[in-house]
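Have a look at the structure below before the remarks.
2 protein chains.
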Amino acid sequence: MPTEAVENYLKAIYTLSAESPTGEAGMTRVAAAVGVTTGTATSMAKKLSAAKLVKYERFGGISLTPKGSRAALDILRRHRIVETFLVQTLKLDWSQVHDEAERLEHAISPRVLDALDRHLGHPRFDPHGDPIPGAAGELAERTLLALSDAGEGTRVRVAQVLDQRGETLRFLERTGLTIGVEILVEAREPGAGTISLRTPAGDLVAMSEHAARSVLVQPAPAAKARPASTPTPRRRRASS
Amino acid sequence: MPTEAVENYLKAIYTLSAESPTGEAGMTRVAAAVGVTTGTATSMAKKLSAAKLVKYERFGGISLTPKGSRAALDILRRHRIVETFLVQTLKLDWSQVHDEAERLEHAISPRVLDALDRHLGHPRFDPHGDPIPGAAGELAERTLLALSDAGEGTRVRVAQVLDQRGETLRFLERTGLTIGVEILVEAREPGAGTISLRTPAGDLVAMSEHAARSVLVQPAPAAKARPASTPTPRRRRASS
DNA sequence: GCTCAAAGTTTGATGACTCAAAGTGTACAC
DNA sequence: GTGTACACTTTGAGTCATCAAACTTTGAGC
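Going line by line, the protein sequences match chains A and B. Residue numbers are given in the numbering used here: position 115 of the first sequence equals residue 115, and the series is strictly consecutive. So the numbering used here is basically just the index in the second sequence, starting at one, shifted up by 1000.
Put into structure tokens, the structure is as follows:
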């Protein structure tokens, strides 16, 4: 049984190395993600390496071994099932559940995890659209597009939000940009670094490209997209 | 915010001193309840005393201050609400939930606790019949009788089970002696140290007086009982 | 009153995790 | 190729909770 601290490091390394092109995470990033100094992260790296959970060499970056990866997916499963429970059953807000799950995930036994999973109907995605690893560690694979890369005039469906910060999530909720919602990319303003979206409610929402990078979408199923040459009105509103 | 270890000590001291006539708990008992050596318990006693959570003097026993008592009731509330949730919502067996709640109780934030409480409909008793302290620490007071003290021929209703061990709970479940069930005390055999009970299913169940001491009952509501010649001692529980 | 077992305390050590601060390696700019 | 900024590592120390083992106190029995 890994300690709580070990679980947190594994989770951080998993997500950081998934993002990185080399598949390796840097110590400074790991330390920041876990919330410790880099020195602490280095000594933990040695411990994890001795336990064969990570591949680590001095000054060389850190990455998970298969064993470490399995452990990380197990934690992620607990985290995301707990988040789903908090939103679906207890009706907490999606902007609050990340921090709550962060604490609870370490106290969930396999028995309780199974019972939660059953109670929720074996959900495959959590409230932020993150895929929930299966009991054996399998992840649903999807091909998603960053909203920041969606072309003007495209109809897309919000599928996943990478940014877990409450502020971001509250903004998205307020403007109606929640998981499953279909939106139209009205305009992009590379100069201003913003993107304008039309929500189902008819509102025009502007957000920065940077913010749009953490919103993942899929092309809308019944897309009746007009030819890309269609000019689009240029209007802006609140930006994130 | 007390640490997890501190919470466990407070809970142990609360239950032990509630049982003791002097209202004080001995170090050896506390250590056994928490699962540490007596030396460890002694040094923790000093720490708790410094934090004004307990009253403690060398060789003098230990008891909770009002502040410590409030903290203990808060933990008990979390524990019992979690147990109720595990049985009611997740359908776990009442013989399993104690240990699970033991881990989860430390990870429940006030927000999640409130949400759970609301989801469960503000229960006043947990699956073992233990009263759930209110948000302000109030405890429902009931006058219960140990089954071992119930007179022959009495009709009683099972109200609370003090023994949290899985073995005990599975026995009670198997024989139909669960919370709320009305039974008839058929015979007592002081010589053999046993007591015989008639369950609603019509079965005759025998149990030792010792086992019957941890089953608390109330006189059955529609009881045409004879004048209560039976005493009604107040009893408290062994472990939460 | 003395003795002795049981209860309780003290001491010294360990393991897990952490930090601050000093020291070392790497790589990019020029 | 030299400088230097940044990433990273090492070191030394601290906290928390724990144990084993030596020691002290208490109180019950004689």
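Built from N, CA and C at the ideal position, the CB exists for glycine as well.
| query | result |
| --- | --- |
| Alpha-carbon to alpha-carbon, B/M1207 and A/E4 | 43 Å |
| Minimum Cβ-Cβ distance from B/S1095 to chain A less than 8 Å | no |
| Rounded separation between A/L139 and A/L76 - CA only | 11 Å |
| Chain B within 8 Å of A/K91, Cβ atoms only | yes |
| Sequence-distant residues of the same chain with beta carbon closer than 6 Å to A/D163, five excluded per side | S214 |
| Cβ shell of B/P1123 (< 7 Å), same chain only, five flanking positions each side left out | T1084 and I1132 |
| Test item: CB-CB of B/A1041 and B/A1031 under 8 Å | yes |
| Runs of beta strand (DSSP E) lying entirely within the stretch 1155 to 1209 of chain B, each at least 3 residues, in chain order | 1155 to 1161, 1182 to 1189, 1194 to 1198 and 1204 to 1208 |
| Inter-stretch contact (C-beta, 8 Å, three-pair minimum) for the stretch 1099 to 1115 of chain B and the stretch 87 to 107 of chain A | yes |
| Opposing strand residues paired with B/Q1218 [DSSP bridges] | B/R1157 |
| Own chain residues within Cβ distance below 6 Å of A/L244, not counting five before or after | No information on residue 244 of chain A is available, as it lies outside the stretch 1 to 240 that chain A covers here. |
| 8 Å Cβ cut-off: residues of chain A touching B/A1107 | R103, L104, H106 and A107 |
| Straight-line Cα distance separating B/L1053 from A/A25 | 44 Å |
| Cβ shell of A/S63 (< 6 Å), same chain only, five flanking positions each side left out | S17, G23, E24 and K55 |
| Within chain A, the residues that B/L1116 reaches when beta carbons sit closer than 8 Å | L90 |
| Neighbourhood of B/R1170 by C-beta distance below 7 Å, restricted to the same chain and skipping five residues each side | S1095 |
| Local Cβ density within 10 Å of A/R29, reported as buried at 16 or more and exposed below that | buried |
| Outcome for A/H79 when other beta-carbon atoms lying within 10 angstroms are tallied against a minimum of 16 | buried |
| C-beta neighbour in chain A for B/V1087, strict 8 Å | no |
| Neighbourhood of A/L104 by C-beta, 7 Å cutoff - its chain only, sequence neighbours within 5 removed | V82 |
| Beta-carbon proximity of A/R199 to A/E209, cut-off 8 Å | Note on identity: in this sequence residue 199 of chain A is Thr, with Arg being the wrong assignment. Cβ atoms of A/T199 and A/E209: not closer than 8 Å. |
| Short CB-CB distance (under 8 Å) between A/M1 and chain B | no |
| Three-state secondary structure (DSSP) of B/I1013 | helix |
| Extent of the continuous beta strand (DSSP E) run through A/S63 | I62 to L64 |
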